[in-house]
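If you count by numbering that gives the first Met the number 0, then the sequence shown holds residues 0 to 256, one letter each, in order.
Here is the structure we will look at, set down as structure tokens.
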Amino acid sequence: MTAIRPLVAGNWKMNGLGSTLGELADLRARMKAAPVPDADVMVCPPATLLTRAAEVLDGSDIALGAQDCHPLVSGAHTGGISAEMLADAGATAVIVGHSERRIDHGETDALVNAKALAAYRAGLTAIICVGETEAQHQDGKTLDVLRGQLQGSVPEEARAADTVIAYEPVWAIGSGLTPTPADVAEVHGFIRSVVSQLLGEGESSAMRILYGGSVKPTNASELLFVPDVNGALVGGASLKASDFYGILSVYCDPPAT
Ligand code: 13P
């Protein structure tokens, strides 16, 4: 298997005002100083900040992503934001199927699949999230749940070039809890095997599979060098440039201090 370049994406969720954009400028400055992380870096602010964030990041190595999209191009869907609108605002990627949307908004695998297709239609990378709840974890159903989510949410058209899978155990999000590295390795290996069944070995061996859930500067080196982990989707610790860069610095050689 050829080496996969890692991706670290920050999901700001429903956080951030214009005044928060200083964190992006700070991150940009940190990314310019040596040593530079050997990883792709992305920030996904709320939709209201995309245009201004694109200006702050213009000409930098930090990509801009969005957090959700409507499956359709346009129309009478009050409050909806299409993938085309996100691309127009400067995004190159969009998160789809985050557990907070699956749970808060009742999003089904079929809808997540349609949103991923909308992302491709607009020329965006789809970051497709999967993950089991605490109850499913306790019941030993993790792999079954993930298989079902992947089968339903990953379109046949998905390719490694425009698709990233993010494994985010719901019980690890914002809780400070994380699976053991051995559990992460098992689950990521399983996800890659399911992706191989769905899309073929060529795509699965090149596809980035991110881990998400309570990734911090203090645990990043333990979680991100696990086999089949190709980066992270970071929530809370992406809001401060110092914390986010602390995570990125595990990809620096020599490590940033
Ligand atoms: P935390 O890093 O805050 O646990 O959030 C993870 C997440 O949901 C990223 O999408």
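Just so it is clear, CB atoms sit at the ideal spot from N, CA and C, and this is done for glycine as well.
One Cα belongs to VAL214, the other to GLU131, and the distance between them is close to 17 Å. Within its own chain, the residues whose Cβ lies closer than 6 Å to the Cβ of SER152, once the five positions on either side in sequence are excluded, are GLY96, ASP108, VAL111, ASN112 and ILE127, listed in chain order. Here ARG146 has VAL193 as same chain residues with Cβ atoms under 6 Å from its own Cβ, once five neighbours each way along the sequence are excluded. Shortest gap from the CB of ILE61 to any heavy atom of the ligand 13P: 7 Å or more. Sequence-distant Cβ neighbours of VAL169 in its own chain, meaning closer than 6 Å and more than five residues away, are SER98, GLY130 and THR132.
Minimum Cα-Cα distance from THR19 among the listed residues PRO45, LYS31, MET41 and VAL7 corresponds to PRO45. Distance from the CA atom of ILE3 to the CA atom of THR162, rounded to whole angstroms, is 13 Å. Using a 10 angstroms sphere on the CB of GLU22, the tally of other CB atoms reaches 16 or more, which defines it as buried.
Here VAL72 is exposed. Its C-beta has fewer than 16 other C-beta atoms within 10 Å. With 16 or more other Cβ atoms from the protein chains shown falling within 10 Å of its own Cβ, THR124 counts as buried. For ALA236, the shortest separation between its Cβ and any heavy atom of the ligand 13P lies below 7 Å.
Judged by the Cβ position, VAL233 qualifies as a neighbour of the ligand 13P at the 7 Å threshold, a heavy atom of the ligand being closer than this. Around the beta-carbon of PHE224, fewer than 16 other beta-carbon atoms lie within 10 Å, marking it exposed.
In the structure shown, the three-state DSSP call for ALA62 is strand.
In the three-state DSSP reduction, ASN112 falls in the helix class (H, G or I).
When secondary structure is reduced to three states using DSSP, GLY230 falls in the strand class.
The bridge partners DSSP lists for SER81 are HIS69. Collapsing the DSSP output to three states places ARG207 in a strand. For GLU167, the distance from the CB to the nearest heavy atom of the ligand 13P is below 7 Å. When secondary structure is reduced to three states using DSSP, ALA171 falls in the helix class. A straight line joining the alpha-carbon of ALA171 with that of ARG120 spans about 32 Å. Listed in chain order, the non-local C-beta contacts of ASN14 below 8 Å within the same chain comprise PRO45 and LEU238, local neighbours out to five positions each way being set aside.
Selection SER59, ASP87, LEU197 and CYS68 evaluated against GLU106 yields CYS68 as nearest (Cα-Cα). Relative to the ligand 13P, the beta carbon of VAL214 is positioned inside 7 Å of a heavy atom.
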